[in-house]
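Colleague: Sharing a structure here in C-alpha cells format.
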Amino acid sequence: MFNVNITIEEIILVPCSELGGNNRREILKLREQVTNKFKKEGLKKIQEEEHYIWLDSPIDGPNSLHSTFSKLTNTRSLRKFIEKKMYPNRGIVAIEFGGVGRSLFKGFSQGFIEKSAAITLFDHDLEGSKMPMPHQHLLIEDDLFNPSTYQSINTWLTGRKVDLILERMGRGLELVPPEPYTVSSILRNWYRLLSDNGLMIVQSPMKLNPLFSRWCSMIERNYLDVFDFKYQIGHSDGNFEIGFSCFYLQKKPGAPKELPVLTPKEIQNVLLVL
Ligand SMILES: C[S@@+](CC[C@H](N)C(=O)[O-])C[C@H]1O[C@@H](n2cnc3c(N)ncnc32)[C@H](O)[C@@H]1O
C-alpha cells in the first residue's frame with residue numbers, strides 16, 4: 051500500500067510490479083490532483099524553468115515528431131509517410147493528443163487536412179495562437195484522461211471519424227498514470243475514434259515498457275492481417291539518443307471494432323515476473 055502523500059516523482063517511479071488492487075485507486079486519485087495542480091502552475095514552469103522543451107513541434111525537422119518516430123517509420127519525412135499511408139484520402143480529420151497541434155498540422159500538404167483538433171492541459175503557445183491556420187483547428191484545454199475531453203471531441207466531430215491520431219508527449223508522459231487498465235482504456239477510446247483506414251502514431255511511456263512490449267507482441271502475433279502495425283521499445287521519454295517506445299497502427303479491412311488489449315490475467319502475469 052502506498053503512502054498517500056506520494057509526489058508526482060514517486061508516482062512516475064512506481065514499478066509496474068506494485069500495481070493492482072487498492073494501489074490503482076490511489077494512483078489515479080493522486081494523478082488527478084497532480085495534473086490539476088500542473089494545469090494551474092504549468093505555464094509558469096514552462097516559461098521560467100523550461101519544464102517542457104518540446105512545445106508545438108512541427109511534423110518534420112529538428113525536434114519534430116519525425117525525430118521521435120523516424121526509426122519506427124524508417125522514413126525521412128513523417129509528413130510524407132502519413133500522406134502516403136492515407137492515400138488517396140484528402141480532406142482528413144486529425145487529432146493531436148498532448149499538444150497544441152498548430153505547427154504540426156500546418157506542416158501537411160495544402161488540402162490534406164480538412165479539420166484538426168489538439169488536446170492539451172493548457173495553451174502554452176500563446177504567440178502561435180494568434181497565427182491563422184490553413185483549416186479549422188480546435189484547441190481543447192482538458193485532461194486526456196477526463197471523459198469530458200471525449201465529449202468535446204465527439205461534439206466537434208459531428209458524427210465523423212478521425213483519420214489520423216498523433217501523440218508525442220515526451221516529458222508530458224509523466225502525467226500518464228502507471229496504471230495499465232486506465233491507459234488501455236484511453237487507447238481503446240482513441241481506436242474507437244478512428245475511421246476505417248485510420249492511422250494512429252503513438253509514443254508510450256517508458257515506465258509501461260513491460261506491458262507495452264507484451265501488448266505489441268500479442269498484436270503482432272494475432273492481428274497483422276487486419277492491422278498495419280509496427281512498434282519499437284525505447285528507454286527514454288525525451289532523449290533522441292536513447293530512443294522511445296512507440297507504435298503505429300493502421301486499420302485494414304476486417305479490423306476489429308474494438309482494440310484488442312491484454313486480459314487482466316495477462317497483465318497480472320507480466321506484473322508477477324517483474
Ligand atoms: C512536452 S509537451 C509536447 C507537446 C507536443 N506534442 C510537441 O511534441 O511539441 C507535452 C504536452 O503534453 C500535454 N499533456 C500532458 N499531460 C496531459 C494530459 N493529461 N492531458 C492532456 N494533455 C497533456 C501538455 O499540455 C503539453 O502540451
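Numbers in our numbering are just positions in the sequence shown, counted from 1, shifted up by 50. We put the beta carbon where it would ideally sit given N, CA and C, even for glycine. Being a predicted model, the structure only gives us computed values, none of them experimental.
Is it right to say V323 is buried, meaning 16 or more other beta carbons lie within 10 angstroms of its own, or is it exposed?
Modeller: Label assigned to V323: exposed.
Colleague: For S159, count neighbouring C-beta atoms within 10 Å of its own C-beta (all shown protein chains included) and say buried if the count is 16 or more, exposed if not.
Modeller: Answer is exposed; the Cβ neighbour count stays below 16.
Colleague: Using the Cα positions of C266 and Y281, report the straight-line distance between them to the nearest angstrom.
Modeller: Computed Cα separation, rounded: 7 Å.
Colleague: Report the partner residues of E217 according to the DSSP bridge assignment.
Modeller: The partner list for E217 (beta bridge, DSSP) reads F147, V252.
Colleague: Quick check: is any heavy atom of ligand 1 less than 7 Å from the C-beta of R218?
Modeller: Yes.
Colleague: Shortest alpha-carbon distance to K104 belongs to which of G141, M136, R152, P197?
Modeller: The sequence given here places Trp at residue 104; Lys does not occur at that position. When only C-alpha atoms are compared, the closest one is R152.
Colleague: Between V311 and S202, which are expected to be in contact by the criterion C-beta below 8 Å, what is the C-beta distance as a whole number of angstroms?
Modeller: Actually they do not touch by this definition, with Cβ atoms about 24 Å apart.
Colleague: From the DSSP secondary-structure annotation, give me the bridge partner or partners of V212.
Modeller: L244.
Colleague: Determine the direct distance from the alpha carbon of I190 to that of S67, and round the result to whole angstroms.
Modeller: Note that S67 scores 49 on pLDDT, short of 50, meaning its location in the model is unreliable; the coordinates nonetheless yield the value given after this. If you take the alpha carbons of S67 and I190, they lie about 34 Å apart.
Colleague: Only counting runs of 4 or more residues, tell me where the alpha helix (DSSP H) segments fall wholly within the segment 272-310, in order along the chain.
Modeller: Taking only runs of at least 4 residues, no alpha helix (DSSP H) segment lies wholly in the segment 272-310.
Colleague: Round the Cβ separation of R238 and E164 to the nearest angstrom and send it over; I've been treating them as touching at under 8 Å.
Modeller: Not confirmed; about 25 Å, so no contact.
Colleague: What is the DSSP secondary structure of L63, reduced to helix, strand or coil?
Modeller: Residue confidence for L63 is low, a pLDDT of 48 falling below 50, so the modelled location carries little weight and cannot support an answer.
Colleague: What are the complete alpha helix (DSSP H) segments, minimum 4 residues, inside the segment 98-165?
Modeller: Taking only runs of at least 4 residues, the alpha helix (DSSP H) segments lying wholly in the segment 98-165 are 115-123, 128-136, 152-156.
Colleague: Beta-carbon within less than 6 Å of F294's beta-carbon, same chain only, minus the 5 sequence neighbours each way: which residues are those?
Modeller: The residues are T118, Q253, G284.
Colleague: Report, in whole angstroms, the separation of the C-beta atoms of G248 and K302, which I expect to be a contact under 8 Å.
Modeller: At roughly 11 Å, the Cβ-Cβ gap does not stay under 8 Å, so G248 and K302 are not in contact.
Colleague: Identify, in the order they occur along the chain, each residue of the same chain with its Cβ nearer than 8 Å to the Cβ of D106, setting aside the five sequence neighbours on each side.
Modeller: Within the same chain, D106 has close Cβ partners G149, V150, G151, R152, S153, L154, H174, D175, G178.
Colleague: Find the nearest neighbour of L243 within the set L274, P227, L207, judged by alpha-carbon distance.
Modeller: When only C-alpha atoms are compared, the closest one is L207.
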